[in-house]
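Here UniProt numbering is used: the first residue of the sequence shown is 1, the next is one more, and so on. Built from N, CA and C at the ideal position, the CB exists for glycine as well. Read through the structure below, which is laid out as structure tokens, and then see the notes.
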Amino acid sequence: MVQRPEFSIKEKGENSATSIHMFLSGQWSVILVRIAILLCAFAVYAGTADASSASGSDELVSAEKNNQDKVVYLSFDDGPGNHTREVLDILRKEQVPATFFVLGEQAERYPELIRALVEDGHALGNHTFNHQYEQLYSDFKVFWKQIKQTEEVLERITGFRPNLVRAPGGTYGHFDQSYFDLLQLGGYTVMDWNVDSGDSKRKGVPAKEILSNSTKVPAGARSVIVLMHDGGAHAETVKALPGIIKYYRDHGYRFDTMKSTDQPIQFRVHPDGKYKARKAPGKSWIAEHVEANATLWLASKKLKVEVGLAAATLQPGEFRMEGQRIMVPLRTFMKKFGGSIRWDPETRTATAVWKERTMHADSVSGTLTTTGAIETGAVQSQGGTIWVPLRELLEQMGLRVNSLTSNEAEWSVKAGSSISISAMNLIYKYKMI
């Protein structure tokens, strides 16, 4: 059993001065590569902006919710397993998104469950390959190997590589600062939790106890990550889940999925951890494996989108990946599918029209709405371009994503089966993906 740790919300990039000094030269090389790629991408993005945007009327505006917003992230570890399907059924019924940190060996056994949770709009995270503490925490190279092994499995199944990571047993008592620093350098975001359901403390923890533990929110916390398990013998967790959802809904929380761009909740480094005898990897190994790995998240493929009989391709630089979410420039996308778009500099809102649908992308509030439909979030304004999540945009267009596949050259998204605005209201009533 892991000793209860203290936790903190870490700003992205927060590290100790000593550890930063250790890896400074490597980090600068990655940063320079990223800057070069971003400068090239900016040249492409700028061409899609209208005249008012180019003159500065469409500058970057924070799309974050106000500081009164309360959000809960339901997370499930060790799956997929015997109870994953039941968990997915409940989440679908309640219209609630969640994040699944999966084991590579389990993903190989149940690839259909991995596909199902992604198709339902849930987030996917990496929980190593076999969950064996003695292997994972004896040497960072072993931990890294298992992260990459699971990553390869998930890419074969889904077509993408998740860069959300959760350490088996949590980071407290297992990670030293070098684990945190090297994973960050490699492009990963490590997520612990601040509410433990206790469903894995012992065998047969009853649903009543799991529900009680899952609703013990730390004083003053407005961002809650609940730890649960869907792998192994966790039937009682399934029984407790509807009550957990009801509690957070009744207390005004918004449900969301974790993203690699979120501020991570991470446990503090244990001052007396077993890791003191561990040796950090050498500079040459870090350069070959960790620094080189960061470019994976910058690699580009083409994006092919099929809407019924119509199809369009977005070239590298015309879209981007944020974790497992595909972001597209609204103007470019609308033009490729015969839609129109206009920009209102006073309200900082882009209005797109496609067939009978009119959509409004508000760069100030970060919302995407269709007349009569409940709004969805995650609109961004960057570099003079309005960016929107592809899945939400297609649904606001009255379409449903039927499939998402990938090969070495391109992503392929197929959409169709028009849905009504009333159906969209049901889809978005309780979730903001």
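Handout entry: Chain-order list of residues whose beta-carbon lies under 7 Å from that of A207 (same chain, five-residue window excluded)
Key = The residue labelled residue 207 in the question sits at position 207 within the sequence shown. E236, K239, A240.
Practice task
Tell me the start and end of each unbroken beta strand (DSSP E) in the segment 280-367 that is at least 3 residues and wholly inside, in chain order.
Solution key: 302-307, 310-314, 320-322, 325-329, 340-344, 349-354, 357-362
Exercise for the section: Check whether the Cβ atoms of G104 and Q149 lie closer than 8 Å to each other. Expected result: On the sequence shown, position 104 is the one that residue 104 refers to. On the sequence shown, position 149 is the one that residue 149 refers to. Going by C-beta atoms, G104 is nearer than 8 Å to Q149.
Handout entry: N- and C-terminal bounds of the alpha helix (DSSP H) containing F140
Key = Sequence index remark: in the sequence shown, residue 140 carries index 140 (1-based). Element bounds for F140: 140-158.
Handout entry: Integer Cβ distance of H270 from G173, believed to fall under 8 Å
Key = To locate residue 270, count along the sequence shown from 1; it is residue 270. To locate residue 173, count along the sequence shown from 1; it is residue 173. Confirmed, Cβ separation roughly 4 Å.
Practice task
Determine the DSSP secondary structure at F180, reduced to helix, strand or coil.
Solution key: Residue mapping note: residue 180 aligns to position 180 of the sequence shown, counting from 1. Here F180 sits in helix by DSSP.
Exercise for the section: With DSSP as the reference, label N402 as helix, strand or coil. Expected result: Your numbering for residue 402 matches position 402 in the sequence shown. Strand at N402.
Exercise for the section: If I'm right that P80 touches A123 with Cβ under 8 Å, what's the distance once you round it to whole angstroms? Expected result: Here residue 80 refers to the residue found at position 80 of the sequence shown. Here residue 123 refers to the residue found at position 123 of the sequence shown. 14 Å between Cβ atoms; not a contact.
Practice task
Tell me where the alpha helix (DSSP H) around K208 begins and ends.
Solution key: In the sequence shown, residue 208 corresponds to position 208, counting from 1. Counting along the chain, the alpha helix (DSSP H) containing K208 begins and ends at 207-214.
Exercise for the section: Using DSSP bridges, identify the partner residues of F175. Expected result: Mapped onto the sequence shown, residue 175 falls at position 175. The partner list for F175 (beta bridge, DSSP) is empty, contrary to what the question assumes.
Problem - D250 to G232 span [Cα, whole Å] - result: Against the sequence shown, residue 250 aligns to sequence position 250. Against the sequence shown, residue 232 aligns to sequence position 232. Their Cα atoms are separated by approximately 30 Å.
Handout entry: Simplified DSSP assignment, three categories, for V87
Key = As a first step, residue 87 must be located in the sequence shown, where it is residue number 87. The answer is helix: DSSP assigns V87 an H, G or I state.
Practice task
Give the secondary structure of P242 by DSSP, where H, G and I count as helix, E and B as strand, and everything else as coil.
Solution key: Along the sequence shown, one-based indexing puts residue 242 at 242. In the structure shown, P242 sits in a helix (DSSP, three-state: H, G or I).
Problem - Cα-Cα separation, T358 to N402 - result: Within the sequence shown, numbered from 1, the residue matching residue 358 stands at position 358. Within the sequence shown, numbered from 1, the residue matching residue 402 stands at position 402. Roughly 22 Å between the two C-alpha positions.
Problem - Exposure label - E346; buried when at least 16 CB within 10 Å - result: What you label residue 346 is simply residue 346 of the sequence shown in a count that begins at 1. By the neighbour-count rule (16 or more Cβ atoms within 10 Å), E346 is not buried but exposed.
Exercise for the section: Take S412 and list the residues in its own chain whose beta-carbon comes closer than 6 Å to its own, dropping the five residues that flank it on each side. Expected result: Within the sequence shown, residue 412 is the residue found at index 412, counting from 1. K304, T405.
Problem - Three-state secondary structure (DSSP) of Y73 - result: Against the sequence shown, residue 73 aligns to sequence position 73. In this structure, Y73 counts as strand in the three-state DSSP scheme.
Handout entry: Through-space distance from G366 to A277, alpha-carbon basis
Key = Here residue 277 refers to the residue found at position 277 of the sequence shown. Here residue 366 refers to the residue found at position 366 of the sequence shown. If you take the alpha carbons of A277 and G366, they lie about 48 Å apart.
Practice task
Assign L182 to one of two classes, buried (16 or more other C-beta atoms within 10 Å of its C-beta) or exposed (fewer than that).
Solution key: Residue 182 sits at position 182 when you count from the first residue of the sequence shown. Its Cβ being crowded by 16 or more others within 10 Å, L182 is buried.
Problem - Selected residue, minimal CA-CA separation from G125, among I244, V165, G339 - result: Your numbering for residue 125 matches position 125 in the sequence shown. Here the closest residue by C-alpha is V165.
Exercise for the section: Within the same chain, show all residues whose beta-carbon is closer than 6 Å to that of V290, passing over the 5 residues directly before and after it, in chain order. Expected result: Working through the sequence shown from its first residue, we reach residue 290 at position 290. Within the same chain, V290 has close Cβ partners L182, L185, G186.
Exercise for the section: Return helix, strand or coil for V102, following the three-state DSSP convention. Expected result: Within the sequence shown, the letter at position 102 stands for residue 102. If DSSP states are grouped into helix, strand and coil, V102 belongs with the strands.
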